[in-house]
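Sequential numbering from 1 applies to the sequence shown in full-length UniProt numbering.
We put the beta carbon where it would ideally sit given N, CA and C, even for glycine.
Remember, it's a predicted structure, so these values are computed and weren't measured experimentally.
Structure first, commentary second.
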Amino acid sequence: MIMTEAKLFLREPAGPIFAILLPLGLLLGLGSIPAFQQPNAEMGGQRAIDTQLPGMMVVLSVVTMALTALPAVLVAYRENGVLRRLSTTPVPPVRLLVAQVVNNIGVAVLATVLLVVLGHVILGVPLPGSPLAFAGVFLLGTASLLGLGLLISAVAPSVKAAQGIGPLLMFPLLFVGGMWIPREMLPNLVRRIGDFMPLAPFAQALRDTWAGHAPQPLHLVVMAVTVLVTATLAIRLFRWE
């Protein structure tokens with residue numbers, strides 16, 4: 001099932017390519033702006049580009065796949081009758097969901113490797129200080145966002161609805177996560193609200209492990225709870241037609 005879904009992925013690569021090129025383009029674009037290359041006192045003397053790469057560029061790739069590409073594919077399967085035909089086979093719904101998750105994680109890993117390597121080589125962004133912790137946070141945070149995508153896939157009645165719900169959820173999550181304005185510059189209340197949503201803890205935990213620090217327990221708990229809740233609901237609410 002994973003191999004079959006991977007082949008279908010390659011036939012329609014628009015979503016994965018967009019998820020890879022969008023953060024790369026933003027990274028290189030922001031890196032060319034002098035203001036992003038200057039140390040900032042509000043960010044502990046770091047450059048803005050050093051905080052944005054681990055904090056948001058990596059997350060942007062994952063959330064694009066999770067909340068736009070993934071729901072569109074699964075809901076299109078339902079609309080086109082693919083899921084109905086699968087329902088006549090012994091394939092359980094969890095197997096299809098796992099196959100989609102694995103392929104999306106693969107795209108996210110590729111995008112992250114490109115971001116880390118190009119950010120380091122071209123812009124001089126330091127490499128992760130705690131690589132293993134960074135990888136663990138990356139997988140947990142990716143699973144939490146993909147869980148949201150699966151939940152949208154389970155409840156969206158049509159592809160158009162899925163394409164509307166995904167961005168409607170994605171942009172507020174990006175805002176409280178610090179995509180548009182660095183989290184250090186957001187009001188305390190907004191930062192606190194973001195701490196209990198999956199994207200902001202994901203971004204902050206990546207930044208912490210990138211800097212060589214341990215992630216905050218609250219952020220790990222929020223991501224883990226999101227994985228459990230969304231995955232459970234997605235499996236329970238999943239419809240073949």
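Practice prompt. Compare the C-alpha of F171 against each of T4, T68, R47, G25 and name the closest.
Written response: T68
Discussion item. Let me check understanding here. Comparing Cα to Cα, which of E241, I235, R239, W240 lies closest to V98?
Written reply: Among E241, I235, R239, W240, the Cα nearest to that of V98 is on I235.
Worksheet item: Which of the three DSSP states, helix, strand or coil, is assigned to R239?
Response: coil
Worksheet item: By Cβ distance below 8 Å, which residues in the same chain neighbour R191 in space, the five residues on each side in sequence not counted?
Response: Cβ neighbours of R191 beyond the five flanking positions: V176, R183, A200.
Worksheet item: Considering only residues of the region 200-239, which uninterrupted alpha helix (DSSP H) runs meet the minimum length of 4 residues and lie entirely inside it, listed in chain order?
Response: 217-237
Fill in: G212 versus R85: straight-line alpha-carbon distance, rounded
49 Å
Discussion item. I need the straight-line Cα distance from A111 to L237, nearest angstrom please.
Written reply: 30 Å
Practice prompt. Excluding the 5 residues preceding and the 5 following V102 in the sequence, name in chain order all residues of the same chain whose CB lies nearer than 7 Å to its CB.
Written response: I2
Worksheet item: In whole angstroms, what separates the C-alpha of V222 from that of D208?
Response: 16 Å
Worksheet item: Run through DSSP, which three-state label would P34 get?
Response: helix
Worksheet item: So, helix, strand or coil for P23, using DSSP?
Response: Here P23 sits in helix by DSSP.
Discussion item. Buried or exposed for N188, going by 16 or more other Cβ atoms inside 10 Å?
Written reply: exposed
Discussion item. I'd like to know whether the C-beta atoms of L145 and V227 end up nearer to each other than 7 Å.
Written reply: no
Worksheet item: How is P167 classed by DSSP in three states: helix, strand or coil?
Response: Judged by DSSP in its simplified three-state form, P167 adopts helix.
Discussion item. Considering Cα atoms alone, identify which of P16, G178, K7 is closest to L109.
Written reply: Inspection of the sequence shows that residue 109 is occupied by Val rather than by Leu. Nearest option by C-alpha distance: P16.
Worksheet entry | Beta-carbon spacing of residue 242, D50 below 7 Å | Examination of residue 242 is not possible in this model, given that the chain is present from 1 through 241 alone.
Worksheet entry | CA nearest to the CA of Q204, picked from V58, V82, P23 | V58
Item to complete: Can you say whether R47 is buried or exposed, counting buried as having 16 or more other CB atoms within 10 angstroms of its CB?
Response: buried
Worksheet item: Counting contacts by CB-CB distance shorter than 7 Å, is G178 in contact with chain C?
Response: Included in the structure is just one protein chain, with no chain C present.
Worksheet item: Are M179 and M56 touching if we call contact CB-CB under 7 Å?
Response: yes
Worksheet item: Should A19 and T64 be called a contact, given that it needs their Cβ atoms to be closer than 7 Å?
Response: Closer than 7 Å, so yes.
Worksheet item: Roughly how many whole angstroms lie between the Cα atoms of residue 245 and L139?
Response: Lying outside 1 to 241, the shown extent of the chain, residue 245 is not represented and no answer is given.
Worksheet item: For the candidate residues L206, L218, W210, A214, whose alpha-carbon lies nearest to that of I193?
Response: When C-alpha distances from I193 are compared across L206, L218, W210, A214, the shortest belongs to L218.
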